[in-house]
Every structure is written in structure tokens, then in C-alpha cells.
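What follows is a single structure, written as C-alpha cells, with notes after it.
Number of protein chains: 2
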Amino acid sequence: MATIRDVARLAGVSVATVSNSVNDPGRVSEQLRARVLKAIESLNYAPRAAARSLRKQSSGLLGLIVADITNPFFTELVQAVEGIASQQGFSVLLCNSDEDPAREEKHLQVLRSQWVDGIILATTGDVSLSRSSLLSQIRVPVVLVDRAFDGLGLDAVVLDNRLAAHQATEHLIRRGHRRIGLLSGPTSVTTGADRLAGYREALLASQIRFDPGLVLEAGFREQQAYDATVALMRLPQPPTAVFAANNLMAIGMMRALSDLDLRCPDDVSVISIDDFAWANVFRPKLTTVAQPVREMGEMAVKLLTDRINGHRSGTGSTHMLESRLVIRESCAAPVQGTQPEPMPVESAPSR
Amino acid sequence: MATIRDVARLAGVSVATVSNSVNDPGRVSEQLRARVLKAIESLNYAPRAAARSLRKQSSGLLGLIVADITNPFFTELVQAVEGIASQQGFSVLLCNSDEDPAREEKHLQVLRSQWVDGIILATTGDVSLSRSSLLSQIRVPVVLVDRAFDGLGLDAVVLDNRLAAHQATEHLIRRGHRRIGLLSGPTSVTTGADRLAGYREALLASQIRFDPGLVLEAGFREQQAYDATVALMRLPQPPTAVFAANNLMAIGMMRALSDLDLRCPDDVSVISIDDFAWANVFRPKLTTVAQPVREMGEMAVKLLTDRINGHRSGTGSTHMLESRLVIRESCAAPVQGTQPEPMPVESAPSR
DNA sequence: CCGGTTATGTAAAACGTTTCAAAACAAATG
DNA sequence: CATTTGTTTTGAAACGTTTTACATAACCGG
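Chain order of the listed sequences is A and B. Note that the first sequence covers residues 1 to 351 in our numbering. Note that the second sequence covers residues 352 to 702 in our numbering.
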């Protein structure tokens, strides 16, 4: 293909002039610039990114690693990140770790040798020793998203998970529920632990006793949530409402309820964290706590580019965004009749 | 960061030897190789992709352009492509055109200057003149996916859209339906036109007269499908079943039916092309015609890498994959009572 | 002991940009 | 007119690899 020398030859100028007329128009006379541009046009010249980044020591590439591309939360994140990044002149190298820490590490290696200008990382699982050492070896800016971890002083943008879980739980309590099941994520990751904490806080605030038997760990996965929901509803005293800590678990839960022939919200109320485009196509329409996904993506890119451009330095900080309750149809007041052992709904605070 | 010279210095060898011990182990003695590897390890050296691709004239990058990353079909495609590609040592540069031809063109420009080794393109809309000239300027292999177009002799992997639509329509006919609505995609794209054709074929095969009033173009979008469904059901003689030509339109349709207080499949049966993970979480579980998305992704990568490696040359061909009917709960026999003007269900073929 | 093969290592030339420093030219100043 | 100042233009170095072509040493059959 055409190289910069070809353009120079055709325009009758030096390669330096060609480069300048493209990258620093001020440095070259109008007349020459026009000639150069014409030559570029007619040769259909496009500079080779490899050569350019070799010389400029920067690739114009951003790495984005997500834990599960099929999860709508991440899909929307990808969309947002890709949009803003390309708007700012960056292309994004997408990596999907598929919840596999080993793949995540491999991706990090690749990004390192691609010398991307920065990395946005939605890490899978907790941070292993090897990964954190890998991360500290990488000399480019990294911003964490969704899940944070400390110790490396990285920037992070996360949901206020405590608040989100609090909102969800409180909404159920307001509707009169006191036995509220929780499908929890793994407590080894911040999103798991913090959402559990928010749930407990909300119970405490309403003086409802925390019952460990009502919280089941379902690893943020649909199938596990299905099983957990079945287990929950087969309890001698099943919960009158269930709170799923993410979207996939909400789906598993809905499927289980449907298979158990339990009607929602008549028999059991349901709420979850993560709103998604089709939450209102379900029947009933799902009441959820929405994350500002798009904002999170935008902020992550902003933090990253600020660091890349040197507008930001020092150890990073964690940025918390607020969730928003989206009330639809899946939460109702508990119906006494549906309980095997009808309990006094608005009664004594303890128990 | 550490360069290959640093490694060479530390190991006490030439840079050529370092390069060889990594890329062509046969050419260097065991002893030296060990020393070099140790040096690499201790310096934590990673070759710079930019320099390497400049010299090798190939980047190890694949470009993937999808029309809408939030559409589960494309999400799954991305997942498949990314998986196989990275397995074969390629990284993928993901581009989302968001159904905007202008953005698609911009992405193509970027990919061209990145000198990706190949491009997988799920093009948005019909192929404009500028795009096709752009495509023919790009000197790297391109394989089309989902939507094909001729004239450029490109490889393509697509669904047998005629068959898929035929299967869907025929399934409804078998259940006894004769007034079958169609939410069609734009006929300017192959997926739109072919699915419409398949629908008509199936009607013809069962000697059902084609009624243009029953097919509404909804641009493959959810909201348009919602509106179209409402229009369809408000017809003096509404259809007893509706066939949505893709997943997003199926969702819009379900939402509309629900808002219209029409029960599915009691009042109206429903089927669509594109299976997706949550089709069986809906109530009723959706009967769909599934595309072999993963296979399509795999085949696209295969075709691409074959061309990249020179195992394949000449003008490309179109590869059609077969769809598969997934029967769940959304199709039932039409109930006479639900029709405003009860019509003889199994009666005369014409009208 | 010599010409020839094989094994191993290396110097140096690419690859296609950007950019620094200097050259060439024009204009302005003393 | 000689010098300075300012504006355009350019030659050449640098970026970090891979790879070609060659050098050296070792080995072997004659």
C-alpha cells in the first residue's frame, strides 16, 4: 500500500512536510498543504498505526476487560465505553474473561504487550496474588469498574452497593415484608459483601432480626439462583419476598418461581439490583434498583484519559455512584393466606 | 520499560539471539536459550506489539464491527468470535456501529489504519456506495456475517433466512392458524427481505392467501414492533398469531400484547426468529427459531484466518447455516371465541 | 590437511512513522 | 549592505522489533 514516501514523492515535498500537514497544519503553508492533501487523497493513503505508535510511544488503544459479555450490565458498559472512547479518538480492545481469572490474566498480558494507553478492568472474582503483581507491573493507567479492590491505589468507579441493597430491602419492608430472602453474590468480592451489608443495615434500621437462613449465596449466576430460590421457598417458613443481588440471579429466581407455580407478586414479591432493558417485558414487570451504567462507563473513560493525558496523578481514589429505585409491579404487600404459618405482619419488631 | 536490547545485554548475547530464542527456539542452543529466558523473566520483558507488527507487516488484530452490541444476537456473536480468535492468537478490536452507517464507515477507516489482519463485519443497513468503495479499498480480508451483499465477492456467513421464516410460519400453520401477522425487518436488507420471502413461501405451500395488510415493517426495533403490534391487533380482523422476524421485535410485541391485555398463547400465538438466553424466562416461554450464533462466529473466524494464512483465495462465497425450531409455550391453536368476528378456522384456503 | 557441510551466533538492514535540529529562504532591522 | 529575525521546509535520527546474510567454529569424509 501507499506509504508516506509515496505521498511525498507525488506531492513533490519531503516526508516531514507530509507528516506536518496532517498532524500540525500550522507549520506548513496553505499552498503546500493543499498539494499534500490532494496527493493523500489520490493515493488513498492511510498512515500505519504500528509505525506511528512505535514512534509516538502510544497506541491510541484502550483495553477493556469485562467479566461476562453476555451480562446486560457489561454489555451496556461496553457500549458506553466504546462510544466515549471512540469519540475521544481511542479504539478499544475488548476482552471477555468469561468469569475465568486465568483468561483475565492472559488478557492482561496481551494488553501489556499491545502497549495500550490505558485499561478499564471489571475484574472477575477476587484479586489473586499473581494478578495483582501483574497489575502493578503494567505501567499504563488502570481504572477498575464495578468491583474495586484496594492496595494498589487504583482509580475505581463503583456503585454504592450498600445503598443499593438498602434501597431494595427497605422498599420491601415498606410494603410490609419482614421475612425477606436474599440471593447473595460471593462475599469474597466487594459487590457481594457490600450488598449483603446493605441488606442487613436495612433490616436493622427497621428492627427486623437478621435470619442467616434466609440468605443464600448464588455466585451471581442464574442457575445457582434458580436452585437457591427453590430451596428458599421450600423452607418451613419461606420468605414473603426475595431480593436478588444482580440481574442474572433475578432471572434464575423468576424462572424458579414460575416453575414452582408461585405467582409474583401475589405469592411472593421480588426485587433485584441491575435494571435492564427487558425488565419491563417480564410479567410482572420487575421492580429493580438501577445502576447508572452509562455514567459509570463515561466516568471510567474520563478518569482513564485524564491520567493518560497527565491531567491526573498520584494514587487513585474510589468513585461511588448512586443507584436509583425503579418501581414497577413485582412488589406487593405480603398476603397472610399464602403463608404456611401466617405471621403477624406489622407486629413486634423482633423476629 | 525493558526492551530487547536490555535483555540481550543482561544475557550477554545479541538481540538477534534474544529474538530467536523466543520466536524460533530451534535456531539457538539450549544453554543460551535458558539464559535468555531467565533474563526475560527477571526483566519482565514483553515485546512491543507496535514494533513487531511494523516489522512483520501484520498486527495480530482482528476487527469486528457489529450493528448493535446490546442485541443479544450480536452479544453472543462477539463472545464466540472473541473466544476463538484469542484462542488462535488474535486479539479483537470491537466496534459498535449502533445501527449508524456513518459510524460504521468511521470504524472501517480506523480498522484500515490499524492495519488489522482481517475484518468481520455485521453491516448495518444496506450497503451504500461510499461504504462499498471503502470496503474495496481495504486490502485485508473481510468476511460478512448475518447480512450479506454481493458485488464485492466477499465471504459471508448467514442464516438460511428463508428457511427460518418458513419454519416459523409453518409451525403456526400446523397449529391451525391462517391469519398470521408478520413484524418484518426492512426489506432493503437481506435478512429483512429473505424472511419475508420465507413467510410468503410457507403461506403459499399451505395455500393460504397472502394478505399484505398483515405484514408491518418494524425496522428490527423494539419500539416500532410495539406500535406495529398494537396496530395489528386493532385491525377489524386481527391475526390469531404473530411472527416477529427478530428478537428485539419479539420483545416489543410481547410488551404490546401485555399492555393490550391479550393473553398469550390463549388469545394470540407468538413466534420469532432469534433464540436468546431468556426466551424461556418470559411467561409464556417463547417458541423461537434459533440461529446457530456460535457456529456462525466460529465459521466467520475460520474463513477469515484461512484467508489471512493464505489457505484460501479467490472470490468469496456465501455460507448458509440452518436454523432450528425451539418449541416452548407461546404457540397454541387459535380459539374461535377470541376473534371479534369468528372465522372458520380450518376452512377454505382463500381468505 | 583441505574443501565442504552443519550448527550456532551476530551485524545490520529493514519496517513507516514522528520530530529534532538545522537549512533555506524571506523579511525586517540597524 | 550586513545582520538579525522569523517563517517554511527538510534531512536524518529514533522508536523496538524481525530477518537476511554473513561469520565463526566444529565436524567430517576424502
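The C-beta atom is built at its ideal place from N, Cα and C for all residues, glycine as well.
What are the boundary residues of the alpha helix (DSSP H) that includes aspartate 3/A?
Residue mapping note: residue 3/A aligns to position 3 of the first sequence, counting from 1. It is threonine, not aspartate, that sits at residue 3/A in the sequence shown. That residue, threonine 3/A, is in no alpha helix (DSSP H); it is neither H nor E in DSSP.
Using a Cβ cut-off of 8 Å (strictly closer), state whether alanine 277/A contacts chain B.
As a working mapping, residue 277/A is identified with position 277 in the first sequence. Among the CB atoms of chain B, one or more fall inside 8 Å of the CB of alanine 277/A.
For leucine 182/A and phenylalanine 243/A, which I take to be in contact (beta-carbon distance under 8 Å), what is that distance rounded to the nearest angstrom?
Walking along the first sequence from the start, residue 182/A turns up at place 182. Walking along the first sequence from the start, residue 243/A turns up at place 243. With 8 Å as the limit, leucine 182/A and phenylalanine 243/A qualify as a contact, their Cβ atoms being about 5 Å apart.
Starting from serine 323/A, trace the beta strand (DSSP E) in both directions and tell me its first and last residue.
The sequence position of residue 323/A within the first sequence is 323, counting from 1. Counted as a single uninterrupted DSSP element, the stretch harbouring serine 323/A is not any beta strand (DSSP E), since DSSP gives it neither H nor E.
Just the chain B side, please: which residues come within less than 9 Å of asparagine 44/A by C-beta, in chain order?
In the first sequence, counting from the first residue as 1, residue 44/A sits at position 44. The contacting residues are Gln488.
Which residues mark the beginning and the end of the beta strand (DSSP E) in which glycine 89/A is found?
By 1-based counting over the first sequence, the position of residue 89/A is 89. In this chain, glycine 89/A is not harboured by any beta strand (DSSP E), its DSSP state being neither H nor E.
Looking only at its chain, what residues have a beta carbon closer than 7 Å to the beta carbon of serine 14/A, apart from the 5 residues adjacent to it on each side?
Locating residue 14/A in the first sequence gives position 14, where the first residue counts as 1. Correct list, in chain order: Ala8.
Supposed close pair alanine 50/A, alanine 401/B - CB separation, criterion 8 Å:
Walking along the first sequence from the start, residue 50/A turns up at place 50. Walking along the second sequence from the start, residue 401/B turns up at place 50. 5 Å between Cβ atoms; contact.
Between alanine 596/B and valine 496/B, which are expected to be in contact by the criterion C-beta below 8 Å, what is the C-beta distance as a whole number of angstroms?
For the purposes of this step, residue 596/B is taken as the residue at position 245 of the second sequence. For the purposes of this step, residue 496/B is taken as the residue at position 145 of the second sequence. 18 Å between Cβ atoms; not a contact.
CA-CA distance, aspartate 98/A and aspartate 6/A?
As a first step, residue 98/A must be located in the first sequence, where it is residue number 98. As a first step, residue 6/A must be located in the first sequence, where it is residue number 6. C-alpha separation (whole angstroms): 45 Å.
At a Cβ threshold of 8 Å, is threonine 75/A touching chain B?
Here residue 75/A refers to the residue found at position 75 of the first sequence. Yes - at least one Cβ of chain B is within 8 Å of the one on threonine 75/A.
Using C-beta distances below 8 Å, list every residue in its chain close to leucine 361/B, excluding the 5 sequence neighbours before and after it, in chain order.
Position 10 of the second sequence holds residue 361/B. Ala390, Ser393, Leu394.
Is the segment 319-331 of chain A in contact with the segment 167-181 of chain A, if contact means three or more CB pairs nearer than 8 Å?
Remark: three or more beta-carbon pairs, one from each stretch, lie closer than 8 Å, so the segment 319-331 of chain A and the segment 167-181 of chain A are flagged as touching.
In or out: isoleucine 678/B buried (at least 16 other Cβ within 10 Å) or exposed?
The residue you call residue 678/B lines up with position 327 of the second sequence. Under the 10 Å beta carbon count, isoleucine 678/B is surrounded by fewer than 16 other beta carbons and is classified as exposed.
Just checking: is the beta-carbon of cysteine 463/B within a distance shorter than 8 Å of some beta-carbon in chain A?
Residue numbering aside, residue 463/B sits at position 112 when the second sequence is read from its first letter. Correcting the residue identity first, residue 463/B is arginine in this sequence and not cysteine. The Cβ of arginine 463/B sits closer than 8 Å to at least one Cβ of chain A.
Once DSSP output is grouped into helix, strand and coil, what is the label at methionine 694/B?
The residue you call residue 694/B lines up with position 343 of the second sequence. Any answer about methionine 694/B is weak, because its pLDDT of 44 lies below 50 and its placement is not dependable; what the coordinates show is given next. Three-state DSSP puts methionine 694/B in coil, outside helix and strand.
Taking beta-carbon pairs under 9 Å, can you tell me which members of the segment 431-455 of chain B lie near chain A?
Residues passing the 9 Å Cβ filter: Glu433, Gly434, Ser437, Ser442, Val443, Leu444, Leu445, Cys446, Asn447, Asp449, Arg454.
Expressed to the nearest angstrom, what Euclidean distance is found between the alpha-carbon atoms of glutamine 642/B and glycine 213/A?
Within the second sequence, numbered from 1, the residue matching residue 642/B stands at position 291. Within the first sequence, numbered from 1, the residue matching residue 213/A stands at position 213. The alpha-carbon atoms of glutamine 642/B and glycine 213/A are separated by roughly 42 Å.
Can you list, in chain order, the residues of its chain with a C-beta nearer than 6 Å to that of valine 289/A? Leave out the 5 residues immediately preceding and following it.
Translated into the one-based positions of the first sequence, residue 289/A becomes position 289. Here the set comprises Ala164, Gln167, Ala168, Ile273, Ser323, Leu325.
Confirm the yes/no value for this check: CB of arginine 378/B, any heavy atom of the ligand MG, distance under 7 Å.
This structure simply doesn't include the ligand MG, nor any ligand for that matter.
Considering just the uninterrupted stretch of the beta strand (DSSP E) at aspartate 155/A, what are its terminal residues?
By one-based count along the first sequence, residue 155/A stands at place 155. First-last of the beta strand (DSSP E) with aspartate 155/A: 155-159.
Are leucine 413/B and valine 467/B close, meaning C-beta to C-beta below 8 Å?
On the second sequence, position 62 is the one that residue 413/B refers to. On the second sequence, position 116 is the one that residue 467/B refers to. It is a contact, given that the beta carbons lie within the stated cut-off.
What residue range does the alpha helix (DSSP H) around asparagine 542/B cover?
By one-based count along the second sequence, residue 542/B stands at place 191. Note on residue identity: the sequence assigns threonine, not asparagine, to residue 542/B. Unbroken alpha helix (DSSP H) run through threonine 542/B: 541-556.
Taking its Cβ as the centre, do 16 or more other Cβ atoms sit within 10 Å of serine 136/A, making it buried, or is it exposed?
Within the first sequence, numbered from 1, the residue matching residue 136/A stands at position 136. Around the Cβ of serine 136/A, a 10 Å sphere holds fewer than 16 other Cβ atoms; the residue is exposed.
Considering only residues of the same chain and omitting the five flanking positions on each side of valine 18/A, which have a CB-CB separation below 6 Å?
Here residue 18/A refers to the residue found at position 18 of the first sequence. Once the five neighbours on either side are set aside, the close Cβ partners of valine 18/A are Ile4, Val7, Ala8, Val36.
Taking the beta strand (DSSP E) that threonine 475/B belongs to, which residues open and close that run?
Locating residue 475/B in the second sequence gives position 124, where the first residue counts as 1. Boundaries cannot be given for threonine 475/B, as no beta strand (DSSP E) includes it and DSSP labels it neither H nor E.
Note down the Cα distance separating threonine 542/B from arginine 209/A, rounded to an integer number of angstroms.
The residue you call residue 542/B lines up with position 191 of the second sequence. The residue you call residue 209/A lines up with position 209 of the first sequence. Threonine 542/B and arginine 209/A have their alpha carbons spaced roughly 57 Å apart.
My understanding is that valine 157/A touches methionine 296/A, with C-beta atoms under 8 Å, so please give their C-beta distance in whole angstroms.
Along the first sequence, read from residue 1 onward, the residue named residue 157/A stands at position 157. Along the first sequence, read from residue 1 onward, the residue named residue 296/A stands at position 296. With a contact defined as Cβ atoms closer than 8 Å, valine 157/A and methionine 296/A qualify at about 5 Å.
Please determine, among His522/B, Glu573/B, Ser437/B, the residue with the shortest C-alpha to C-alpha distance to alanine 556/B.
On the second sequence, position 205 is the one that residue 556/B refers to. Taking each of His522/B, Glu573/B, Ser437/B in turn and checking the Cα distance to alanine 556/B, the smallest one comes out for His522/B.
Would serine 778/B and glycine 411/B be called neighbours here (beta carbons separated by less than 8 Å)?
In this structure chain B extends from 352 to 702, so residue 778/B is not present and cannot be described.
For the alpha helix (DSSP H) containing isoleucine 602/B, list its first residue and its last residue.
What you label residue 602/B is simply residue 251 of the second sequence in a count that begins at 1. 598-610 is the span of the alpha helix (DSSP H), which, as asked, contains isoleucine 602/B.
At what residues does the alpha helix (DSSP H) containing glutamate 455/B begin and finish?
Position 104 of the second sequence, counted from the first residue, corresponds to residue 455/B. Where glutamate 455/B is concerned, the enclosing alpha helix (DSSP H) stretches over 452-465.
Taking the alpha-carbon positions, what's the arginine 263/A to proline 492/B distance?
Stepping through the first sequence from its first residue, residue 263/A is reached at position 263. Stepping through the second sequence from its first residue, residue 492/B is reached at position 141. If you draw a straight line from the Cα of arginine 263/A to the Cα of proline 492/B, it comes to about 53 Å.
Distance, Cα to Cα, tryptophan 629/B vs proline 587/B?
For the purposes of this step, residue 629/B is taken as residue 278 along the second sequence, with counting starting at 1. For the purposes of this step, residue 587/B is taken as residue 236 along the second sequence, with counting starting at 1. Roughly 33 Å separates the two Cα atoms.
Given this structure, state the Cα-to-Cα distance separating histidine 107/A from asparagine 374/B, to the nearest angstrom.
Numbered from 1 along the first sequence, position 107 holds the residue referred to as residue 107/A. Numbered from 1 along the second sequence, position 23 holds the residue referred to as residue 374/B. A direct Cα-Cα distance of roughly 20 Å separates histidine 107/A from asparagine 374/B.
Which bits of chain A does serine 609/B rub up against, with CB to CB less than 7 Å?
Your numbering for residue 609/B matches position 258 in the second sequence. Residues of chain A passing the Cβ test: Arg283.
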